[in-house]
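Numbering (the UniProt record's numbering), first residue to last: 1 to 274. Built from N, CA and C at the ideal position, the CB exists for glycine as well. All figures in this text were calculated on a predicted structure; none of them were measured in a lab.
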């Protein structure tokens, strides 16, 4: 049976982990021109300087809490998020305990301070924010498709933060436009994170970017161990993406170990394209 499917390109076995420089750019104040002095002091943990700059910004006499909340970067990111991103515990304590600022304040993209601490790998600020009542899910909306703190913990790659968030009984299978936390862990090749998430009954068939089953992703990453974990957890060996099954994909490109694992798991060797 012939199909009109376009030819597949051979997968490239490259390092798909997030670029650390890119994370530093996105989750630090270094590349913003809006209120840099205030936000940078929060990020670097210079509490005295932070207070001094905040006082100089309070030209309307609104008080420090209101002034600090009003001064945000171009993405609506506030001082508490930058303090969490920088691991600046003293600034976090000052903002939360002395100024009573909201621990779950969101920027324009829906990120809370907990998300910033998680992706930058600062266990100290993550622990502190959780102790002060930060929502470990990031949102109480069951239909939310915004990345959760666990998504960012997986992106950041810190196992202790991942485990801490999971211990809070969070929703594991929140599906964003990009995928679930498990699909993130698979595409990043994080074997330990995949193990922990599957042990917590994460959905092994949750797709990446709405079309790519996790089994396909393991071949792009050259991660047979992760493929084996997914198959044992119930991943569908015949789930198609762009008309191809994982077995067809593995066979076309000669990924022998994947072919073996898929056949052992019951993949259909006679499945047709389309």
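Can you give me the Cβ contacts of residue i inside the same chain, cut-off strictly under 7 Å, excluding the 5 residues immediately before and after it?
{"i": "residue 190", "result": "154, 157"}
{"i": "residue 251", "result": "259"}
{"i": "residue 40", "result": "29"}
{"i": "residue 62", "result": "none"}
{"i": "residue 197", "result": "172, 181, 182, 185"}
{"i": "residue 234", "result": "204"}
{"i": "residue 179", "result": "206, 207, 208, 209"}
{"i": "residue 27", "result": "85, 116, 119, 120"}
{"i": "residue 69", "result": "78, 101"}
{"i": "residue 75", "result": "107, 108, 109"}
Could you spell out where the alpha helix (DSSP H) holding residue i opens and where it closes?
{"i": "residue 147", "result": "It is not in any alpha helix (DSSP H) - residue 147 carries neither H nor E in the DSSP assignment."}
{"i": "residue 183", "result": "181-187"}
{"i": "residue 101", "result": "Unbroken run through residue 101: none, as it is neither H nor E."}
{"i": "residue 119", "result": "113-119"}
{"i": "residue 201", "result": "Premise fails: residue 201 is in no alpha helix (DSSP H) and is neither H nor E."}
{"i": "residue 160", "result": "159-166"}
{"i": "residue 51", "result": "47-57"}
{"i": "residue 132", "result": "Counting along the chain, residue 132 falls outside any alpha helix (DSSP H), and DSSP gives it neither H nor E."}
{"i": "residue 232", "result": "224-232"}
{"i": "residue 90", "result": "89-93"}
{"i": "residue 39", "result": "36-44"}
{"i": "residue 66", "result": "64-70"}
{"i": "residue 260", "result": "256-264"}
{"i": "residue 82", "result": "79-85"}
{"i": "residue 251", "result": "246-252"}
{"i": "residue 218", "result": "214-221"}
Taking buried to mean at least 16 other C-beta atoms within 10 Å of its own C-beta, is residue i buried or exposed?
{"i": "residue 73", "result": "buried"}
{"i": "residue 90", "result": "exposed"}
{"i": "residue 117", "result": "buried"}
{"i": "residue 147", "result": "buried"}
{"i": "residue 209", "result": "exposed"}
{"i": "residue 201", "result": "exposed"}
{"i": "residue 221", "result": "buried"}
{"i": "residue 232", "result": "exposed"}
{"i": "residue 125", "result": "buried"}
{"i": "residue 120", "result": "buried"}
{"i": "residue 269", "result": "exposed"}
Measure the alpha-carbon distance for residue i versus residue j and round it to whole angstroms.
{"i": "residue 310", "j": "residue 171", "result": "Residue 310 is absent from the structure shown; the chain starts at 1 and stops at 274."}
{"i": "residue 141", "j": "residue 113", "result": "18 Å"}
{"i": "residue 131", "j": "residue 105", "result": "16 Å"}
{"i": "residue 205", "j": "residue 211", "result": "11 Å"}
{"i": "residue 67", "j": "residue 78", "result": "11 Å"}
{"i": "residue 243", "j": "residue 164", "result": "39 Å"}
{"i": "residue 80", "j": "residue 254", "result": "50 Å"}
{"i": "residue 45", "j": "residue 87", "result": "8 Å"}
{"i": "residue 264", "j": "residue 152", "result": "34 Å"}
{"i": "residue 110", "j": "residue 85", "result": "15 Å"}
{"i": "residue 58", "j": "residue 71", "result": "10 Å"}
{"i": "residue 123", "j": "residue 256", "result": "40 Å"}
{"i": "residue 199", "j": "residue 169", "result": "13 Å"}
{"i": "residue 7", "j": "residue 192", "result": "At residue 7 the pLDDT is 38, less than 50, meaning the model places this residue with poor confidence; the figure from the coordinates comes in the next sentence. Cα-Cα distance, rounded: 34 Å."}
{"i": "residue 188", "j": "residue 38", "result": "34 Å"}
{"i": "residue 138", "j": "residue 149", "result": "6 Å"}
{"i": "residue 136", "j": "residue 215", "result": "28 Å"}
{"i": "residue 43", "j": "residue 60", "result": "25 Å"}
Chain D beta carbons: is any one of them nearer than 9 Å to that of residue i?
{"i": "residue 153", "result": "This model lacks chain D altogether; it includes just one protein chain."}
Spatial neighbours of residue i within its chain, please: CB distance less than 8 Å, with the 5 preceding and 5 following residues excluded, ordered by chain position.
{"i": "residue 194", "result": "182, 185, 186, 226, 229, 230"}
{"i": "residue 36", "result": "29"}
{"i": "residue 5", "result": "Any reading at residue 5 must be qualified, since the residue scores a pLDDT of 38, below 50, and its modelled position is unreliable; no value is offered."}
{"i": "residue 275", "result": "The chain is shown only over 1 to 274; residue 275 falls outside these bounds and no answer can be derived."}
{"i": "residue 64", "result": "51, 54, 55, 58, 99"}
Using a Cβ-Cβ cutoff of less than 6 Å, which residues in the same chain neighbour residue i once the five nearest sequence positions on both sides are dropped?
{"i": "residue 247", "result": "262, 267"}
{"i": "residue 176", "result": "145, 147"}
{"i": "residue 161", "result": "118, 123, 126, 153"}
For the stretch 96-106 against the stretch 38-50, are there 3 or more C-beta pairs whose distance is under 8 Å? no
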